[in-house]
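Visitor:
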Amino acid sequence: MTQEDLRNLFSSIGELESCKLIRDKLTGQSLGYGFVNYVKSTDAEKAISSLNGLRMQQKTIKVSYARPSTPLIKDANLYVSGLPKSMTQEDLQRIFHPFGRIITSRILVEPSTGMSRGVGFVRFDKRPEAENAISSLNGTIPAGAKDPVTVKFANNPSQKNQQVLQSLYAAASPTRRLAAPTTGPLYHQARSFSDLLSNVNMGLGVKRHLPSKCAGCTAPSAASSSCAPNYGICIFVYNLSPETDENILWQLFGPFGAVTSVKVIRDYQTQKCKGYGFVTMTNYEEAFLAVCSLNGYKLGDRVLQMSLTKPSGAA
DNA sequence: TACGATT
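For the record, in the first sequence the residue sitting at position 92 is 92 according to full-length UniProt numbering, with numbers rising by one throughout.
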């Protein structure tokens with residue numbers, strides 16, 4: 001939605017004094033909210049009663065009175081993971097409401113099934129309420145659940161966009177390409193990697209740095225995995241260096257076939273890779289070959305290990 | 001830091 005869309009929608013109620021769509025500072029992308037001032041307060045009331053809850057495309061818009069702008073309401077948004085799949089938004093609110101006024105909350109779902117992904121968000125009115133919720137709830141086990149939940153401050157959308165831009169820049173940067181070839185790990189990777197691929201393409205056995213039993217490949221029926229089985233095969237990759245970025249995973253797995261997503265798991269504070277990541281591939285045969293080929297592959301000074309992700313909830 | 005998930 002553009003600023004103009006916002007203006008058109010809300011000016012249909014009454015005369016506007018001002019109207020502002022909030023955008024990311026770097027990318028200019030809408031952050032999904034904005035502020036509208038009406039000349040007459042009765043029009044503001046009308047806007048809330050007629051537009052709140054309106055469904056637009058995939059979204060349900062929320063319209064309410066803006067809270068007074070103060071530093072206290074900033075950074076009060078929490079990210080919650082490890083929730084039982086059976087937990088509803090109402091359950092989530094029940095758990096968090098003792099700590100303060102909840103502005104919004106939601107549980108993320110798999111689009112295809114509507115099933116909970118076990119993660120969600122809770123935005124409190126005030127920062128100290130959010131802090132209290134973290135210290136009281138993080139690591140605790142909800143009633144009736146068997147695993148503890150993680151409660152922490154949510155990532156800031158502009159931080160996330162910065163990461164994406166940096167990663168794109170790093171991939172495209174000529175200095176990076178010139179600096180790497182003779183000494184960097186990418187050079188060594190590229191040479192031995194192409195050897196490896198030519199082996200694969202000729203249908204020959206694959207050299208490995210470890211005597212590999214192809215972990216995770218022994219039971220092809222285990223193709224179902226915790227990560228979106230409808231969307232592909234999810235591969236767990238371990239022993240990545242702290243400097244690993246998404247591009248490296250794309251480069252490693254892309255030649256084996258269709259890769260739908262890659263994820264480097266990072267420490268939130270340092271933004272360094274925690275040593276592992278995930279790659280989702282569309283086709284089982286290609287994923288199988290990638291795991292068999294890349295397990296034991298030496299990237300820089302590290303021997304990679306990989307397997308299909310641990311199935312979840314299987315008896 | 002051997003299984004994430006960021007509206």
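Beta carbons are placed, not taken as given, at the ideal position from N, Cα and C, and that holds for glycine.
Would Ala143 be called buried (16 or more neighbouring beta carbons within 10 Å of its own) or exposed?
Guide: Here residue 143 is taken as the residue at index 143 of the first sequence, counted from 1. The residue is exposed, with fewer than 16 neighbouring Cβ atoms inside 10 Å.
Visitor: Tell me, please, which residues DSSP counts as bridged to Lys62.
Guide: As a working note, residue 62 is residue 62 in the first sequence. Partner(s): none; Lys62 has no beta bridge.
Visitor: DSSP on Arg208, reduced to helix/strand/coil?
Guide: Walking along the first sequence from the start, residue 208 turns up at place 208. Low confidence applies here, because Arg208 scores a pLDDT of 37, under 50, leaving its location unreliable; read the following figure in that light. Coil at Arg208, not helix or strand.
Visitor: Using C-beta distances below 8 Å, list every residue in its chain close to Asn52, excluding the 5 sequence neighbours before and after it, in chain order.
Guide: If you number the first sequence from 1, residue 52 lands on position 52. The answer, listed in chain order, is Ile61, Lys62, Val63 and Ser64.
Visitor: Where do the N-terminal and C-terminal ends of the alpha helix (DSSP H) with Val291 fall, by residue?
Guide: In the first sequence, counting from the first residue as 1, residue 291 sits at position 291. Element bounds for Val291: Tyr284 to Leu294.
Visitor: According to DSSP, Thr280 sits in a beta bridge with which residue or residues?
Guide: Here residue 280 is taken as the residue at index 280 of the first sequence, counted from 1. Partner(s): Cys234 and Ser261.
Visitor: By DSSP's criteria, Ile102 is part of a beta bridge. Which residues make up the other side?
Guide: For the purposes of this step, residue 102 is taken as the residue at position 102 of the first sequence. The partner list for Ile102 (beta bridge, DSSP) reads Phe124.
Visitor: What's the gap between the Cα of Asp91 and the Cα of Gly300?
Guide: The sequence position of residue 91 within the first sequence is 91, counting from 1. The sequence position of residue 300 within the first sequence is 300, counting from 1. Their backbone Cα atoms lie some 47 Å apart in a straight line.
Visitor: Which of helix, strand or coil does DSSP assign to Gly28?
Guide: For the purposes of this step, residue 28 is taken as the residue at position 28 of the first sequence. Gly28 sits in coil when the DSSP states are folded into three classes, being neither helix nor strand.
Visitor: Of all the options Gly120, Cys273 and Met306, which has the alpha carbon lying nearest to the alpha carbon of Val149?
Guide: Mapped onto the first sequence, residue 149 falls at position 149. It is Gly120 whose Cα lies nearest to the Cα of Val149.
Visitor: Does Ile107 come out as helix, strand or coil in the three-state DSSP assignment?
Guide: Position 107 of the first sequence, counting from 1, holds the residue named residue 107. Ile107 falls in the strand class under three-state DSSP.
Visitor: Give the DSSP-derived three-state secondary structure of Leu252 in the structure shown.
Guide: As a first step, residue 252 must be located in the first sequence, where it is residue number 252. It is helical.
Visitor: Below 8 Å between beta carbons: does that hold for residue 316 and Tyr238?
Guide: Summary: the structure shown does not reach residue 316, with the chain confined to residues 1 through 315, and so no result is reported for it.
Visitor: Does the distance from the C-beta atom of Ala76 to that of Arg123 stay below 8 Å?
Guide: Here the question's residue 76 lines up with position 76 in the first sequence. Here the question's residue 123 lines up with position 123 in the first sequence. Cβ distance < 8 Å, so Ala76 and Arg123 count as in contact.
Visitor: Going by CA-CA distance only, name the one from Phe278, Ala66, Lys25 and Gly34 that's closest to Val259.
Guide: In the first sequence, the residue the question calls residue 259 occupies position 259. Selected option, being the one with the closest Cα: Phe278.
Visitor: What does the Cβ neighbour count give for Ala66, buried or exposed, with the cut at 16 atoms within 10 Å?
Guide: The sequence position of residue 66 within the first sequence is 66, counting from 1. With fewer than 16 other Cβ atoms within 10 Å, it is exposed.
Visitor: Classify Gly296 as buried or exposed, calling it buried when 16 or more other Cβ atoms lie within 10 Å of its own Cβ.
Guide: Your numbering for residue 296 matches position 296 in the first sequence. Buried.
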